[in-house]
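A.B. asks:
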Amino acid sequence: MKDPDKTISRRTFIGCGVASVLGAGIGLTSDASILGAQESEKTPEQTSEEKTSKPQIKEYRKLGGTGWKVSDIAFGGAGMKDPSLLEYAMDRGINYVDTARQYYDMEKVIGQLFPQKRDKLFVTTKLMPELITIDVTTDQITTAIDESIERLNTDYVDACLIHSVGDPNLGDIERLRNPNIHEAFAKAKQAGKIRAWGASSHGPTMVEEFNWLLDNSDIGLIMPGMNYLTKGLEPILAKARKKGVAVVAMKSMSMARKVDFSEFMKEGRTLRQALLKWLLGRSNIDTISLTMRNFEDVDEFVGASGKPKLSLKEKEVLEKYGMRINSEYCRPGCAGCLHACPNNVPIHDILRYRLYFNNYGREKYAMGLYASLPESRKALQCTSCTGSCASSCPYSIPIREKLIEAHADLTV
Ligand code: SF4
Ligand code: SF4
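Quick note: the sequence shown uses this note's numbering, first residue 913, plus one each step.
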């Protein structure tokens, strides 16, 4: 295992001076390792024998300029109801958790582990997507940050993100120019409520809006949707690295949950591990946040840690996988069909909801998102349409057919 740096408490981090955090975050680390994360208490069910036989995180990577080294596999778990799953992941060596105000009560569930385990985790949360508007006030953002801190049962979060930039449903790039946003985050940093702020995105204008933020703000972390099948993010990642901005990948499994590569799995490896290894081998990615729904997910994902080198067999399987879903998988960050529907059906969103429904095991959430669309924008429109959107997809996804299927899946 590589030598991870020690974490620091809020008191230490305020004591070091906000200027240090802003300008030279890495200076905040010390030589001691994050032994807290490695040696955290066992969950009651685990014997010491089980603990040592389970996969462990093998690599910690510098998280931009935050002053932390984090496990290359990070815990995401929208909808997590029991903190013992996160404790189990911490026992495997995971020291980064991703949450959001939007993820039901996940902030409160994580908070059940605090204050005892607070210093062992880098905690990222995200504000409600609709909060960030062209005229949101500084006070409104400050209140939202305070509420998340309270729900997390702590007195600071490590990173606070704008949830879903690059989503035209929430506004265009103009909202990011609102000075109140920048002022609110600066004040929160000064007060020691956050170490860094940033943005997440899987929306059609993700690249454009990340670019703007990298050029025009002091963000410390970006969280792009990316995986084996996405293209075109490399310049953004390189720019982030150059500026000391952390990169946390998400949406990394594409459609892997539903694809049967059981023959490959018999050999003790899994398709999902191959997808992770591929991503861990890309430049300029600090960690990958993954939705972990049970202990098996944790073990499988942690099993890919520190292993970016793919075997020939794994490369072959990934190629087959890519060919199999190329014309089915709607990519995060793609804007090909953004203006292709004369009826204003949000193609990209509906295909993503379907992905949540079919591949992420989040049926209720996906149906709720779909139900919130006005009837005039639902895919029922597609049944009586000739499908002029078809030619807009660079991956030849049969959009009309997939949207009609999505409507059936997502409607009660
Ligand atoms: S099939 Fe027609 S209604 Fe449906 S998204 Fe395409 S153009 Fe729009
Ligand atoms: S349907 Fe095709 S063009 Fe539209 S967002 Fe998905 S991948 Fe891009």
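Idealized CB from N, CA, C, for every residue including glycine.
Can the beta-carbon of residue 1072 be found closer than 8 Å to that of residue 1039?
C.D. replies: Numbered from 1 along the sequence shown, position 160 holds the residue referred to as residue 1072. Numbered from 1 along the sequence shown, position 127 holds the residue referred to as residue 1039. In this structure, residue 1039 lies closer than 8 Å to residue 1072 by Cβ.
A.B. asks: Excluding the 5 residues preceding and the 5 following residue 1255 in the sequence, name in chain order all residues of the same chain whose CB lies nearer than 6 Å to its CB.
C.D. replies: Within the sequence shown, numbered from 1, the residue matching residue 1255 stands at position 343. Excluding sequence neighbours, residue 1255 sits near 1293.
A.B. asks: Can we count residue 1316 as close to ligand 2, meaning its CB is less than 7 Å from some heavy atom?
C.D. replies: In the sequence shown, the residue the question calls residue 1316 occupies position 404. Result no, Cβ not under 7 Å from ligand 2.
A.B. asks: Does DSSP put residue 1085 in a helix, in a strand, or in coil?
C.D. replies: If you number the sequence shown from 1, residue 1085 lands on position 173. If DSSP states are grouped into helix, strand and coil, residue 1085 belongs with the helices.
A.B. asks: Tell me the DSSP secondary structure of residue 1124 in three-state form.
C.D. replies: As a working mapping, residue 1124 is identified with position 212 in the sequence shown. Residue state, collapsed to three classes: helix.
A.B. asks: Which same chain residues end up closer than 8 Å to residue 1317 when comparing Cβ atoms and leaving out the 5 residues on each side of it in sequence?
C.D. replies: For the purposes of this step, residue 1317 is identified with residue 405 of the sequence shown, where counting begins at 1. Hits under 8 Å: 1266.
A.B. asks: For the segment 1024-1112, list the alpha helix (DSSP H) runs that are entirely contained and at least 4 residues long, ordered along the chain.
C.D. replies: Counting whole runs of 4 or more residues, the segment 1024-1112 contains the alpha helix (DSSP H) stretches 1050-1063 and 1091-1102.
A.B. asks: In its own chain, which residues sit with a C-beta less than 6 Å from the C-beta of residue 1300, not counting the 5 before and 5 after it?
C.D. replies: As a first step, residue 1300 is located in the sequence shown; it is residue number 388 there, counting from the start. For residue 1300, where only same-chain residues beyond five positions count, there are no Cβ hits under 6 Å.
A.B. asks: Kindly examine ligand 1 and report whether one of its heavy atoms sits closer than 7 Å to the Cβ of residue 1201.
C.D. replies: Sequence index remark: in the sequence shown, residue 1201 carries index 289 (1-based). No, Cβ of residue 1201 sits at least 7 Å from all heavy atoms of ligand 1.
A.B. asks: In the DSSP assignment, what residue or residues form a beta bridge with residue 1201?
C.D. replies: Position 289 of the sequence shown holds residue 1201. Per DSSP, 986.
A.B. asks: Among residues of its own chain, excluding the 5 on either side of residue 1306, which ones have a beta-carbon nearer than 7 Å to its beta-carbon?
C.D. replies: To locate residue 1306, count along the sequence shown from 1; it is residue 394. Closer than 7 Å at Cβ, skipping near neighbours: 1248.
A.B. asks: For residue 1065, which of 1156, 991, 1131 and 1020 has the nearest alpha-carbon?
C.D. replies: To locate residue 1065, count along the sequence shown from 1; it is residue 153. Of the listed residues, the one whose Cα sits closest to residue 1065 is 1020.
A.B. asks: Taking Cβ to Cβ, would you say residue 1023 is nearer than 8 Å to residue 1063?
C.D. replies: One-based indexing of the sequence shown puts residue 1023 at position 111. One-based indexing of the sequence shown puts residue 1063 at position 151. Yes. Within cutoff.
A.B. asks: Helix, strand or coil: how does DSSP classify residue 1276 here?
C.D. replies: Your numbering for residue 1276 matches position 364 in the sequence shown. Residue 1276: helix per DSSP, three-state reduction.
A.B. asks: Going by C-alpha distance, which of 1131, 1204, 1234 and 1193 is nearest residue 1157?
C.D. replies: The sequence position of residue 1157 within the sequence shown is 245, counting from 1. Checked all of 1131, 1204, 1234 and 1193; the closest Cα to residue 1157 is 1131.
A.B. asks: Within a Cβ cutoff of 7 Å, which residues of the same chain sit near residue 1129, ignoring the five residues on either side of it in sequence?
C.D. replies: Within the sequence shown, residue 1129 is the residue found at index 217, counting from 1. 1094, listed in sequence order.
A.B. asks: Measuring straight from C-alpha to C-alpha, what distance separates residue 1200 and residue 979?
C.D. replies: Counting from one through the sequence shown, the residue named residue 1200 turns up at place 288. Counting from one through the sequence shown, the residue named residue 979 turns up at place 67. Those two C-alpha atoms are separated by around 18 Å.
A.B. asks: At a cut-off of 7 Å, would you count residue 1299 as near ligand 1, judging by its Cβ distance to the nearest heavy atom?
C.D. replies: Position 387 of the sequence shown, counted from the first residue, corresponds to residue 1299. True, at least one ligand heavy atom lies under 7 Å from that Cβ.
A.B. asks: Rounded to the nearest angstrom, what separates residue 1109 and residue 1097 at their Cα positions?
C.D. replies: The count along the sequence shown starts at 1 and reaches residue 1109 at position 197. The count along the sequence shown starts at 1 and reaches residue 1097 at position 185. Whole-angstrom Cα-Cα distance: 7 Å.
A.B. asks: Report the three-state DSSP secondary structure of residue 1281 (helix, strand or coil).
C.D. replies: For the purposes of this step, residue 1281 is taken as residue 369 along the sequence shown, with counting starting at 1. DSSP places residue 1281 in helix when its eight states are reduced to three.
A.B. asks: Exposed or buried, what is residue 1238 when buried is set at 16 or more other beta-carbons lying within 10 Å of its beta-carbon?
C.D. replies: Taking the sequence shown and counting its residues from 1, the one referred to as residue 1238 is at position 326. By the neighbour-count rule (16 or more Cβ atoms within 10 Å), residue 1238 is not buried but exposed.
A.B. asks: Taking 7 Å as the line, does the beta carbon of residue 1307 fall inside it for any heavy atom of ligand 2?
C.D. replies: Within the sequence shown, numbered from 1, the residue matching residue 1307 stands at position 395. Yes, since a heavy atom of ligand 2 falls inside the 7 Å radius drawn around the Cβ of residue 1307.
A.B. asks: If you measure between the beta carbons of residue 1077 and residue 1037, is that distance less than 8 Å?
C.D. replies: Translated into the one-based positions of the sequence shown, residue 1077 becomes position 165. Translated into the one-based positions of the sequence shown, residue 1037 becomes position 125. Taking 8 Å as the Cβ cut-off, residue 1077 and residue 1037 do not qualify as a contacting pair.
A.B. asks: Using a Cβ-Cβ cutoff of less than 8 Å, which residues in the same chain neighbour residue 1086 once the five nearest sequence positions on both sides are dropped?
C.D. replies: Numbered from 1 along the sequence shown, position 174 holds the residue referred to as residue 1086. Answer for residue 1086: 1046, listed in chain order.
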